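Asker: First, the structure itself, so that you have it in front of you.
Protein chains: 2
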Amino acid sequence: LIHIGGIAVLSIKNTRIPDAVIRRLPVYLRHLEQLLASGVAVVSSQELGDDLDANPAQIRKDLAYFGEFGRKGVGYDVRQLKTIIADILGLNRQQAVALVGAGHLGTALCHHNQQVDSPIRITHVFDADPAKIGTRIGSLTVLDARDLEFEVRRAQIRMAIIAVPADAAQPVVDRLTSAGVVALLNFAPVSLRVPEGVYVRHADFTSELLSLAYYAQR
Amino acid sequence: LIHIGGIAVLSIKNTRIPDAVIRRLPVYLRHLEQLLASGVAVVSSQELGDDLDANPAQIRKDLAYFGEFGRKGVGYDVRQLKTIIADILGLNRQQAVALVGAGHLGTALCHHNQQVDSPIRITHVFDADPAKIGTRIGSLTVLDARDLEFEVRRAQIRMAIIAVPADAAQPVVDRLTSAGVVALLNFAPVSLRVPEGVYVRHADFTSELLSLAYYAQR
Numbered sequence: 010l011i012h013i014g015g016i017a018v019l020s021i022k023n024t025r026i027p028d029a030v031i032r033r034l035p036v037y038l039r040h041l042e043q044l045l046a047s048g049v050a051v052v053s054s055q056e057l058g059d060d061l062d063a064n065p066a067q068i069r070k071d072l073a074y075f076g077e078f079g080r081k082g083v084g085y086d087v088r089q090l091k092t093i094i095a096d097i098l099g100l101n102r103q104q105a106v107a108l109v110g111a112g113h114l115g116t117a118l119c120h121h122n123q124q125v126d127s128p129i130r131i132t133h134v135f136d137a138d139p140a141k142i143g144t145r146i147g148s149l150t151v152l153d154a155r156d157l158e159f160e161v162r163r164a165q166i167r168m169a170i171i172a173v174p175a176d177a178a179q180p181v182v183d184r185l186t187s188a189g190v191v192a193l194l195n196f197a198p199v200s201l202r203v204p205e206g207v208y209v210r211h212a213d214f215t216s217e218l219l220s221l222a223y224y225a226q227r
Numbered sequence: 010l011i012h013i014g015g016i017a018v019l020s021i022k023n024t025r026i027p028d029a030v031i032r033r034l035p036v037y038l039r040h041l042e043q044l045l046a047s048g049v050a051v052v053s054s055q056e057l058g059d060d061l062d063a064n065p066a067q068i069r070k071d072l073a074y075f076g077e078f079g080r081k082g083v084g085y086d087v088r089q090l091k092t093i094i095a096d097i098l099g100l101n102r103q104q105a106v107a108l109v110g111a112g113h114l115g116t117a118l119c120h121h122n123q124q125v126d127s128p129i130r131i132t133h134v135f136d137a138d139p140a141k142i143g144t145r146i147g148s149l150t151v152l153d154a155r156d157l158e159f160e161v162r163r164a165q166i167r168m169a170i171i172a173v174p175a176d177a178a179q180p181v182v183d184r185l186t187s188a189g190v191v192a193l194l195n196f197a198p199v200s201l202r203v204p205e206g207v208y209v210r211h212a213d214f215t216s217e218l219l220s221l222a223y224y225a226q227r
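Residue numbers (my numbering), protein chains in the order written: chain A, 10 to 227; chain B, 10 to 227.
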């Protein structure tokens, strides 16, 4: 057991938490923040399930990865649960993110990130196109992709977003991981090879639409 | 058994294919297209695993949902497998998609979709902002969101992308589903309620980044 926010939870180093659970945590977190803002102090898995259109049993199973802090027949302490989830995700401090590729998608993601209140901030934008280098995207200036390793190392950046064309993605990823990046969100429609211990999430829009088509045909 | 592309496969109506498998199919499909373009006729699960940085056993398990068409010790016929996956996803004909919300993200998705060669095409873009209605995004003109039901019904659209602010998402989704949309890709950072039988995939960028932070902290 380790202590996070004063509450004993299972060590996340010893328990392998499935990626699907990790991906649901921001949804729980956002809803808990809304409940807290509405003055709700305690919530049951049944209520969470109703609100989130999810299975209460799955919610209980997901949250059990982080310890037995729900009280049977009563529910979860909203503030406590919110704190635990934020701590597990590492959201108790600002996390800098490098974005590579200042095309339509990269620019949109950058604007979007600047509009929302999130501890995860795009702090560096890179592009190889001389016409884009030096231009502004909201509060950021597009940097020369040649300086990528230098800037990523200097700012100790561990997260990056890939928004370059498919054929440019792998070299960019190699450079990012060599400079210390360990978590990647990849919008390029291509599979990536990464060193052991580096996590890649694919968020390729074209693939999302292709697989969505399966559900549209019936 | 039903026949797709001349090949006997398990009926997808009788077999519940996990969503995670459906989501991996576009990745297999893209790679098979690349292999075919390179003149490769047969591929083993081991080779697919090496190329895609995936587990060969998982690939075999995924593909077994669609029948036993791989030949032990030989591999998969690339063209046959490509045809089967495309048929299962319903990609043998064009599929029209409505996009609601012509902000930064919606505009980027629209440009992106027009740049790639895909049977899934954004054919209608809607926005409620009078300043945006009538403007062009590539080959499309932004339509008045008041005409949403009428246009979606007229074009018999079954897929839609939600790129509106969080508080506008649920009413838009209610209108889309009432007009016949059954598959939704949601970029708004909010949980959605949909009628039975309607599929929603969440692609909320802020949540993706928040959960990615988990992998960046270690």
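By construction, the Cβ of each residue, glycine as well, lies at the ideal position given by its N, Cα and C atoms. All values reported here derive from a predicted model rather than from experimental measurement.
1) What did DSSP end up calling aspartate 62(A) once you bin it into helix, strand or coil?
2) According to DSSP, is alanine 137(A) part of a helix, a strand, or is it coil?
3) Measuring only the C-alpha atoms, how far is tyrosine 74(A) from leucine 34(B)?
4) For threonine 215(A), which residues in chain B fall below 9 Å Cβ to Cβ?
5) Could you check what DSSP says for glycine 84(A) in three-state terms: helix, strand or coil?
6) Could you confirm whether any beta carbon from chain A is found closer than 7 Å to the beta carbon of arginine 155(B)?
7) Check whether the Cβ atoms of leucine 44(B) and valine 52(B) lie closer than 7 Å to each other.
8) Looking at the C-beta of leucine 185(B), does it have a partner C-beta in chain A at a distance below 7 Å?
9) Quick one: which chain A residues come within Cβ less than 8 Å of serine 47(B)?
10) Please determine, among Gln104(B), Gln89(B), Ile26(B), Leu114(B), the residue with the shortest C-alpha to C-alpha distance to glutamine 165(B).
11) So the beta strand (DSSP E) asparagine 195(A) belongs to, where does it begin and stop?
12) Would you verify that the beta carbon of aspartate 62(B) is, or is not, closer than 7 Å to some beta carbon of chain A?
13) Taking only beta-carbon atoms, is valine 18(B) less than 7 Å away from chain A?
14) Under three-state DSSP, which class holds arginine 145(A)?
15) Could you tell me which of Val49(B), Asp28(B), Phe135(B), His121(B) sits nearest to alanine 84(B), measuring between CA atoms?
16) Under 8 Å, CB to CB, which of the residues in the stretch 136-162 of chain B have a partner in chain A?
17) Taking all protein chains shown into account, do 16 or more other C-beta atoms lie within 10 angstroms of the C-beta of glutamate 205(B), making it buried, or fewer, making it exposed?
18) Given this structure, state the Cα-to-Cα distance separating isoleucine 146(A) from methionine 168(A), to the nearest angstrom.
19) Run the CB neighbour count on aspartate 213(A), radius 10 Å, all protein chains shown included, and call it buried at 16 or more, exposed below.
20) Please state whether DSSP places leucine 152(B) in a helix, a strand or coil.
21) Name the chain A residues that come within less than 9 Å of leucine 194(B), Cβ to Cβ?
22) Verify whether the separation of the beta carbon atoms of arginine 69(A) and serine 54(A) is less than 7 Å.
23) Scan the stretch 91-103 of chain A for residues whose Cβ lies nearer than 8 Å to a Cβ of chain B and list them as they occur along the chain.
24) Here's the rule I'm using: 16 or more other beta-carbon atoms within 10 Å means buried, otherwise exposed. How should valine 151(B) be labelled?
25) Of the choices Gly143(A), Ser148(A), Ala137(A), Leu100(A), whose alpha-carbon is the least far from that of arginine 155(A)?
26) Quick check: the stretch 112-128 of chain A against the stretch 103-121 of chain B, are there 3 or more CB pairs under 8 Å?
27) Taking C-alpha atoms, which residue in Leu100(A), Arg88(A), Ala177(A) lies nearest to phenylalanine 135(A)?
28) Is the distance from the Cβ of valine 173(B) to the Cβ of alanine 197(B) below 7 Å?
29) What's the gap between the Cα of glutamine 89(B) and the Cα of glutamine 67(B)?
30) If you measure from the beta carbon of serine 200(B) to each beta carbon in chain A, is any gap under 7 Å?
31) Flag serine 47(A) as yes when its Cβ comes closer than 6 Å to any non-hydrogen atom of the ligand GTP, and as no otherwise.
32) I want to verify the contact list: residues of chain B whose CB lies under 9 Å from the CB of threonine 132(A), in sequence order.
33) If we define contact as Cβ-Cβ less than 7 Å, is alanine 178(B) a contact residue for chain A?
34) Please confirm whether leucine 194(A) and isoleucine 170(A) have their CB atoms less than 7 Å apart.
35) When you compare each of His211(B), Arg162(B), Leu100(B), Lys141(B) to arginine 184(B) by their alpha carbons, which one comes out closest?
36) Of the residues Pro27(A), Thr186(A), Leu201(A), Tyr208(A), which one's Cα is nearest the Cα of phenylalanine 159(A)?
Answerer: This is what the structure gives:
1) coil
2) coil
3) 30 Å
4) Pro35, Arg39, His121, Asn122, Val125, Ser127, Ile129
5) strand
6) no
7) Yes; because the gap between Cβ atoms is below 7 Å, this pair is in contact.
8) no
9) Residues of chain A passing the Cβ test: none, with the nearest at roughly 15 Å.
10) Gln104(B)
11) 192-195
12) True, the Cβ-Cβ gap to chain A drops below 7 Å.
13) With a pLDDT of 40 at valine 18(B), under the threshold of 50, the modelled position of that residue is not reliable, and no figure is offered here.
14) strand
15) As written in the sequence, residue 84(B) is glycine, which differs from the alanine given in the question. Checking every option, the nearest Cα to that of glycine 84(B) belongs to Val49(B).
16) Taking 8 Å as the cut-off between beta carbons, none of the residues of the stretch 136-162 of chain B comes near chain A.
17) exposed
18) 19 Å
19) buried
20) Leucine 152(B) carries a strand assignment under DSSP once its states are collapsed to helix, strand and coil.
21) Phe214, Glu217, Leu218, Leu221
22) yes
23) Ile97, Leu98, Gly99, Leu100
24) buried
25) Ala137(A)
26) yes
27) Ala177(A)
28) Taking the C-beta atoms as reference points, alanine 197(B) is found nearer than 7 Å to valine 173(B).
29) 19 Å
30) yes
31) Absence of the ligand GTP is noted for the structure shown, with no ligands found whatsoever.
32) Under the 9 Å cutoff, chain B gives no residues; its nearest Cβ is about 12 Å from threonine 132(A).
33) So no, alanine 178(B) is outside the interface.
34) yes
35) Arg162(B)
36) Thr186(A)
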